[in-house]
Structures are given as C-alpha cells and as structure tokens.
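So that you can map any letter, position 164 of the sequence shown is 151 in our numbering, and since no number is skipped, the others follow by simple counting.
All residues carry an ideal CB built from backbone N, CA and C; glycine is no exception.
See below for the structure under consideration.
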Amino acid sequence: MSLTGIGVLLIGVAFLILAIYIARVLNGVAGTLGGVNKTLDQLPDQLDGVLGETGQLIRHSNDTLSDVNEKLGNLTPMFEVVGDVGNTTRNLTATLHNITDAGKRKVDGLDEGTRNKSIGGLYGTAALGYFAIRKSKAMKKSSSYLRPGTMLSEGQHRANDIQRMKAEAAAAAKSGKYVKNDL
C-alpha cells in the first residue's frame, strides 16, 4: 500500500467516526423532539382544563361580589343609623356641656356659705350612696339577714359617719382647701 492508499483509508475511518457521532447526536435530538411532541399533544387538554377552572373561578368571584354588594346594601341603613346615633350623641354632649356651663355660672354667683351647704349635701349624698351600695353587696354575700336591732345600730353609725363627713367638708371649705375651680 502506498501512502495515498493509507491517507484515503485514514480519511474513510475519520469520516466513519464522524458519521457515527452525528448519528448519535441526531438520535438524541430526535428523542428530545419526541418528548416535545408529547408535551404539545397534551397541551390543549391541559389548557382546556385550566381555562375551564378559570371560567368557574370567575363565575364564583362574580357570585361572591354580588353577594357582598347585596349585604353591603343591607348594611347601609345600619351605618346611617350609627351615624344618626353619633350625631345625637354629639348634640346631647353639647347640650350637657351648655347645662354644665350654666350651672357653673350659677355656682360662681353664690356666696361661700351657700356653696358650703351645697358641698356638704353633695358629700353626704355621695357617702350615703356609697354605704348603701356597700351594704347591699354585703347583704347579697351573706346567707342570712341581719336582725332589725343590728341594722338600726349600723344605720345610726352610718348617719354619724355622714354627719362627720359633712362637718369635715364644711371645715375644708372654710379653711380654703375648697376653691371654686374644684367644681
């Protein structure tokens, strides 16, 4: 064999190796394209399912939105009532503020003796209310009622406490501990 024959043989072997390599690559590409083909065949069915679910979701959303709008329509009168209650409360507060200012102006015009009597009555009333509430709570807690004699002595004791508190309030007012800004 001559050199030319060896060269042609080498070129033939190289061409055979190249052909085998290209065949394997093309075979791999064919497999990939087959997978893509299967995916594309399934795509319309999957899209139909997704679009069906999307349509159902939109219908449910519309139903929910309609229900919410209906319920808000039913609640609107309640919000109006709450607004009316707020306005009424504001008007009542303004009226009470005006009455309080009028009472304060009247108290400012009173002399010290009349004011002390008013304070004594106020403290006495507060003390009487406090002791009455305390007594009712104590009676609710106890399982038996007190004897009338015990109640009478306790009532006298409470009356003495009220008189003492009135005297303390009058003394505080006379000593200057009470000022008209305390009202």
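- Within the segment 32 to 81, complete beta strand (DSSP E) segments of at least 3 residues are not found at all.
- Val23 and Asp35 have their C-alpha atoms spaced approximately 19 angstroms apart.
- In the three-state DSSP reduction, Ser123 falls in the helix class (H, G or I).
- DSSP places Ser(-11) outside both helix and strand once states are collapsed to three, so it counts as coil.
- Non-local beta-carbon contacts of Ala89 in its own chain, meaning distances under 7 angstroms to residues more than five positions away in sequence, are absent.
- Using a Cβ distance threshold of 9 angstroms, Lys153 and Tyr110 count as a contacting pair.
- Collapsing the DSSP output to three states places Ser140 in a helix.
- The closest CA to that of Gln150, considering only Ala113, Leu59 and Lys127, is found on Ala113.
- Linking Asn49 to Met65 through their CA atoms gives a straight-line distance of about 25 angstroms.
- Put simply, the backbone Cα of Leu27 is about 49 angstroms away from that of Gly60.
- With respect to the 9 angstroms criterion, Leu115 and Arg77 are not classified as neighbours on the basis of their beta carbons.
- Straight-line spacing of the CA atoms in Gln43 and Leu62 works out to 28 angstroms.
- Note on geometry: alpha-carbon atoms of Val(-5) and Tyr8 lie some 20 angstroms from one another.
- Taking all protein chains in view, the Cβ of Ala160 is crowded by 16 or more other Cβ atoms within 10 Å, so the residue is classified as buried.
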